[in-house]
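Working notes for the structure below.
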Amino acid sequence: MSNTLDDHLVALKADRLRPGMYVAALDRLWLHTPFPPGGFFVRDESQIERIGRYCSYVYVDPHRSEETLDAVIPFEPLPATLLAPRVSSLSIEEELPWAKQALIAFRATVKTMIRDVRNGKLPEMVALNTSLIPIVE
342 MSNTLDDHLV
352 ALKADRLRPG
362 MYVAALDRLW
372 LHTPFPPGGF
382 FVRDESQIER
392 IGRYCSYVYV
402 DPHRSEETLD
412 AVIPFEPLPA
422 TLLAPRVSSL
432 SIEEELPWAK
442 QALIAFRATV
452 KTMIRDVRNG
462 KLPEMVALNT
472 SLIPIVE
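Under the numbering used here, the residues of the sequence shown are numbered 342 to 478, in order.
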(Lines of atoms letter the chains of each structure in order from A and count residues from 1; the text may use other names and numbers.)
(Lines give C-alpha, C1' and ligand atoms only; values in the text may rest on other atoms or scores of the structure.)
Protein backbone atom coordinates (compact mmCIF):
# COMPACT_ATOMS: atom_id res chain seq x y z
CA MET A 1 0.00 0.00 0.00
CA SER A 2 1.30 3.47 -0.77
CA ASN A 3 1.76 6.27 1.73
CA THR A 4 -1.64 7.71 0.79
CA LEU A 5 -4.78 6.39 2.41
CA ASP A 6 -7.13 4.45 0.19
CA ASP A 7 -10.67 5.52 1.03
CA HIS A 8 -12.24 2.62 -0.84
CA LEU A 9 -10.79 -0.08 1.42
CA VAL A 10 -13.25 -1.99 3.59
CA ALA A 11 -12.38 -3.05 7.15
CA LEU A 12 -13.23 -6.69 7.70
CA LYS A 13 -12.71 -9.14 10.55
CA ALA A 14 -10.18 -11.74 9.45
CA ASP A 15 -12.56 -14.64 10.00
CA ARG A 16 -15.05 -13.07 7.56
CA LEU A 17 -12.63 -13.26 4.61
CA ARG A 18 -13.52 -15.38 1.60
CA PRO A 19 -11.36 -16.79 -1.21
CA GLY A 20 -11.03 -14.28 -4.04
CA MET A 21 -10.88 -11.21 -1.80
CA TYR A 22 -7.87 -8.92 -2.10
CA VAL A 23 -6.25 -7.99 1.23
CA ALA A 24 -4.69 -4.55 0.76
CA ALA A 25 -3.75 -3.73 4.38
CA LEU A 26 -3.46 -5.40 7.77
CA ASP A 27 -4.18 -4.36 11.33
CA ARG A 28 -0.42 -4.44 11.99
CA LEU A 29 2.80 -3.79 10.14
CA TRP A 30 3.52 -6.17 7.27
CA LEU A 31 6.95 -6.84 8.82
CA HIS A 32 5.29 -8.66 11.71
CA THR A 33 3.58 -11.18 9.41
CA PRO A 34 4.62 -13.73 6.77
CA PHE A 35 2.36 -12.09 4.18
CA PRO A 36 3.69 -10.25 1.13
CA PRO A 37 3.85 -6.48 1.70
CA GLY A 38 1.46 -4.45 -0.38
CA GLY A 39 -1.38 -6.94 -0.60
CA PHE A 40 -2.44 -10.37 -1.80
CA PHE A 41 -5.41 -12.44 -2.93
CA VAL A 42 -6.97 -14.87 -0.46
CA ARG A 43 -6.66 -18.30 -2.05
CA ASP A 44 -8.37 -20.76 0.30
CA GLU A 45 -9.73 -21.49 3.79
CA SER A 46 -6.33 -22.54 5.16
CA GLN A 47 -4.92 -19.15 4.21
CA ILE A 48 -7.87 -17.46 5.97
CA GLU A 49 -7.04 -19.44 9.12
CA ARG A 50 -3.39 -18.36 8.83
CA ILE A 51 -4.39 -14.70 8.41
CA GLY A 52 -6.56 -15.05 11.53
CA ARG A 53 -3.56 -16.22 13.55
CA TYR A 54 -1.75 -12.95 12.79
CA CYS A 55 -4.53 -10.38 12.35
CA SER A 56 -7.83 -9.55 14.04
CA TYR A 57 -8.97 -7.63 10.99
CA VAL A 58 -7.76 -6.62 7.54
CA TYR A 59 -8.64 -4.07 4.87
CA VAL A 60 -10.07 -5.53 1.67
CA ASP A 61 -9.91 -3.73 -1.67
CA PRO A 62 -13.29 -4.34 -3.32
CA HIS A 63 -12.01 -2.99 -6.65
CA ARG A 64 -9.33 -5.70 -6.88
CA SER A 65 -11.30 -8.52 -5.25
CA GLU A 66 -12.76 -11.28 -7.37
CA GLU A 67 -15.49 -11.76 -4.72
CA THR A 68 -18.19 -9.08 -4.30
CA LEU A 69 -18.09 -7.81 -0.73
CA ASP A 70 -21.64 -6.42 -0.51
CA ALA A 71 -23.18 -9.72 -1.58
CA VAL A 72 -21.14 -11.81 0.84
CA ILE A 73 -20.37 -9.81 3.97
CA PRO A 74 -22.10 -6.80 5.46
CA PHE A 75 -19.75 -4.23 6.96
CA GLU A 76 -19.29 -4.55 10.72
CA PRO A 77 -17.73 -1.67 12.64
CA LEU A 78 -14.55 -2.75 14.38
CA PRO A 79 -14.05 -2.12 18.08
CA ALA A 80 -11.86 0.89 18.72
CA THR A 81 -9.59 -1.22 20.91
CA LEU A 82 -8.39 -3.03 17.79
CA LEU A 83 -7.31 0.15 16.09
CA ALA A 84 -4.67 1.63 18.38
CA PRO A 85 -2.40 0.43 21.14
CA ARG A 86 -2.97 1.65 24.68
CA VAL A 87 0.33 3.41 25.33
CA SER A 88 0.88 6.61 27.28
CA SER A 89 2.97 8.16 24.52
CA LEU A 90 4.41 7.12 21.18
CA SER A 91 6.85 8.81 18.87
CA ILE A 92 5.50 10.17 15.59
CA GLU A 93 7.16 7.27 13.75
CA GLU A 94 5.37 4.78 16.02
CA GLU A 95 2.06 6.65 15.96
CA LEU A 96 1.81 7.16 12.18
CA PRO A 97 0.88 3.57 11.15
CA TRP A 98 -1.85 3.46 13.82
CA ALA A 99 -3.14 6.89 12.82
CA LYS A 100 -3.32 5.83 9.17
CA GLN A 101 -5.24 2.68 10.07
CA ALA A 102 -7.64 4.64 12.29
CA LEU A 103 -8.31 7.07 9.45
CA ILE A 104 -8.88 4.23 6.98
CA ALA A 105 -11.40 2.66 9.38
CA PHE A 106 -13.13 6.02 9.92
CA ARG A 107 -13.42 6.60 6.16
CA ALA A 108 -14.84 3.10 5.69
CA THR A 109 -17.44 3.80 8.39
CA VAL A 110 -18.44 7.12 6.81
CA LYS A 111 -18.64 5.49 3.38
CA THR A 112 -20.93 2.79 4.80
CA MET A 113 -23.10 5.43 6.48
CA ILE A 114 -23.45 7.33 3.20
CA ARG A 115 -24.40 4.11 1.39
CA ASP A 116 -26.99 3.34 4.10
CA VAL A 117 -28.54 6.82 3.87
CA ARG A 118 -28.71 6.55 0.07
CA ASN A 119 -30.51 3.23 0.52
CA GLY A 120 -33.04 4.80 2.88
CA LYS A 121 -31.56 3.43 6.11
CA LEU A 122 -30.76 5.40 9.23
CA PRO A 123 -27.03 5.93 9.81
CA GLU A 124 -25.37 3.93 12.59
CA MET A 125 -24.20 6.69 14.94
CA VAL A 126 -22.64 4.17 17.32
CA ALA A 127 -20.39 2.99 14.50
CA LEU A 128 -19.38 6.58 13.79
CA ASN A 129 -18.59 7.26 17.44
CA THR A 130 -16.62 4.01 17.71
CA SER A 131 -14.53 4.84 14.65
CA LEU A 132 -13.75 8.32 16.02
CA ILE A 133 -12.30 7.09 19.33
CA PRO A 134 -8.83 6.17 18.01
CA ILE A 135 -8.64 9.43 16.04
CA VAL A 136 -9.44 11.57 19.08
CA GLU A 137 -7.11 9.66 21.39
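Note that the Cβ used here is the ideal one computed from N, Cα and C, for glycine as well.
Inter-residue Cα distance where the pair is residue i and residue j
i: V467; j: R357; result: 21 Å
i: H373; j: V399; result: 14 Å
i: S387; j: P360; result: 10 Å
i: E435; j: R448; result: 21 Å
i: R456; j: V401; result: 17 Å
i: P464; j: Q442; result: 22 Å
Closest by C-alpha distance to residue i, when choosing among the options
i: P403; options: V351, L463, P475, N460; result: V351
i: L469; options: L463, P475, T450, R459; result: T450
i: V383; options: C396, Y363, L437; result: Y363
i: A355; options: L463, E434, I389; result: I389
Exposure label - residue i; buried when at least 16 CB within 10 Å
i: I392; result: buried
i: P475; result: buried
i: S406; result: buried
i: V458; result: exposed
Own chain partners of residue i with C-beta closer than 6 Å, once the 5 adjacent residues on each side are dropped
i: N368; result: The sequence given here places Asp at residue 368; Asn does not occur at that position. These residues qualify, in order along the chain: C396, S397, Y398.
Bounding residues of the beta strand (DSSP E) (the contiguous stretch that carries residue i)
i: K354; result: 351-354
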